[in-house]
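Asker: One structure follows; several queries about it will come next.
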Amino acid sequence: QGGFRQLEIEITAGKISRIMKIIGKGRSTSISGAIFPGSVDPHVHFRDPGETSKEDFRTGSMAAVYGGTTAVIDMPNNVIPVDNFSIYMDKLAIVSRKTYVDFGLTSMFTGANSNILHRESVLIKIFMGDSTNSVPVGDISAKEIDALKEMRAPKVFHLEDG
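Here the sequence shown is numbered in the UniProt record's numbering, starting from 1 and rising by one per residue.
As structure tokens, this is what we get:
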């Protein structure tokens, strides 16, 4: 429908519990301006673990919140690439304690690791070209394509070098 509408937002225990037409009952506070849903940033490099002097999940997610972003998807090509189950779980444990936003972790597909990627990754990233801390796969074999098909997560491709 587009445009803006005046509505009431009911808050229960600090969370939005209902959005409704203005009915004017109960305790209220008048607020001017607009309320927008939080945005999702599907491509962040929070560099945790390994290069936290550049940025980590605490500083990156805090900046995201200040900008109205409530969810992020972290890329796998860090100094410690997310290319196996153990690293995925280690990273999950680290960032779960630091984040201020909802998040998803991306796993890196290298071809040889198709049987050890974490099945709960929100994305599988395939580096066809060279990039920072990546393992380019070059040609993908039929066996590797079959392995990719079995993975639930969407696949994203990094196609250019650099």
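Even glycine gets a Cβ: it sits at the ideal position worked out from N, Cα and C.
Since this is a predicted model, take the numbers as computed values, not measurements.
Compare the Cα-Cα distances from residue 176 to each of Thr12, Ser17, Lys15 and Ile31 and report the closest residue.
Answerer: No statement about residue 176 is possible, as the shown extent of the chain runs from 1 to 162 and does not include it.
Asker: Three or more beta-carbon pairs under 8 Å between the stretch 101-108 and the stretch 68-88, yes or no?
Answerer: Yes: the two stretches touch, three or more of their Cβ pairs being nearer than 8 Å.
Asker: Counting C-beta neighbours from all protein chains within 10 Å, is the total for Ala93 16 or more, i.e. buried, or is it exposed?
Answerer: Here residue 93 refers to the residue found at position 93 of the sequence shown. Looking at its Cβ environment, which holds fewer than 16 other Cβ atoms inside 10 Å, Ala93 is exposed.
Asker: Along the chain, where does the alpha helix (DSSP H) containing Glu144 start, and where does it finish?
Answerer: Your numbering for residue 144 matches position 144 in the sequence shown. Here the alpha helix (DSSP H) through Glu144 covers Ala142 to Glu150.
Asker: Take Lys155 and list the residues in its own chain whose beta-carbon comes closer than 7 Å to its own, dropping the five residues that flank it on each side.
Answerer: Here residue 155 is taken as the residue at index 155 of the sequence shown, counted from 1. Answer for Lys155: Ile124, Ile126 and Leu148, listed in chain order.
Asker: Comparing C-alpha positions only, which one of Asn77, Asp74, Ile35 and Asn84 sits nearest to Gly68?
Answerer: What you label residue 68 is simply residue 68 of the sequence shown in a count that begins at 1. Among Asn77, Asp74, Ile35 and Asn84, the Cα nearest to that of Gly68 is on Ile35.
Asker: Could you please give the first and the last residue of the uninterrupted beta strand (DSSP E) stretch that includes Asp74?
Answerer: Within the sequence shown, the letter at position 74 stands for residue 74. Looking at the DSSP string, the run of the beta strand (DSSP E) that includes Asp74 is Thr69 to Asp74.
Asker: Below 8 Å on the Cβ atoms is my contact criterion, and I expect Thr70 with Gly38 to pass it. Report the Cβ-Cβ distance as a whole number of Å.
Answerer: Sequence index remark: in the sequence shown, residue 70 carries index 70 (1-based). Sequence index remark: in the sequence shown, residue 38 carries index 38 (1-based). Contact flag correct, Cβ pair sits at about 3 Å.
Asker: Taking all protein chains shown into account, do 16 or more other C-beta atoms lie within 10 angstroms of the C-beta of Thr29, making it buried, or fewer, making it exposed?
Answerer: Residue numbering aside, residue 29 sits at position 29 when the sequence shown is read from its first letter. Answer is exposed; the Cβ neighbour count stays below 16.
Asker: By Cβ distance, which residues of its chain are closer than 7 Å to Asn78, with the 5 residues on each side in sequence left out?
Answerer: Here residue 78 refers to the residue found at position 78 of the sequence shown. Arg47, Gly50, Glu51 and Asn133, listed in sequence order.
Asker: Using CA coordinates, which residue listed in Phe4, Arg27 and Met20 is at the minimum distance from Gly33?
Answerer: For the purposes of this step, residue 33 is taken as residue 33 along the sequence shown, with counting starting at 1. Closest option to Gly33, Cα to Cα, is Phe4.
Asker: If contacts are defined as beta-carbon pairs under 8 Å, then residue 189 and Ala63 qualify, I think. What distance do you get, rounded to the angstrom?
Answerer: Because the chain in this structure spans residues 1 to 162, residue 189 falls outside the shown range and cannot be described.
Asker: Relative to the alpha-carbon of Gly26, which residue among Phe157, Glu8, Gly14 and Glu150 has its alpha-carbon at the smallest distance?
Answerer: Here residue 26 refers to the residue found at position 26 when the sequence shown is read from its first residue. Closest by alpha carbon: Glu8.
Asker: Output needed for Val44: all residues of its chain with C-beta closer than 8 Å, excluding positions within five of it in sequence on either side, in chain order.
Answerer: Against the sequence shown, residue 44 aligns to sequence position 44. So the list reads Gly60, Ala64, Val72, Ile73, Asp74 and Met75, once near-sequence residues are dropped.
Asker: Would you kindly work out how many angstroms separate the C-alpha atoms of Met128 and Asn113, rounded to a whole number?
Answerer: For the purposes of this step, residue 128 is taken as the residue at position 128 of the sequence shown. For the purposes of this step, residue 113 is taken as the residue at position 113 of the sequence shown. Taking the straight line joining both Cα atoms gives about 15 Å.
Asker: Taking just the CA atoms, how far does Gly24 sit from Val95?
Answerer: For this step, residue 95 is matched to residue 95 along the sequence shown. For this step, residue 24 is matched to residue 24 along the sequence shown. Each residue's alpha carbon lies about 42 Å from the other.
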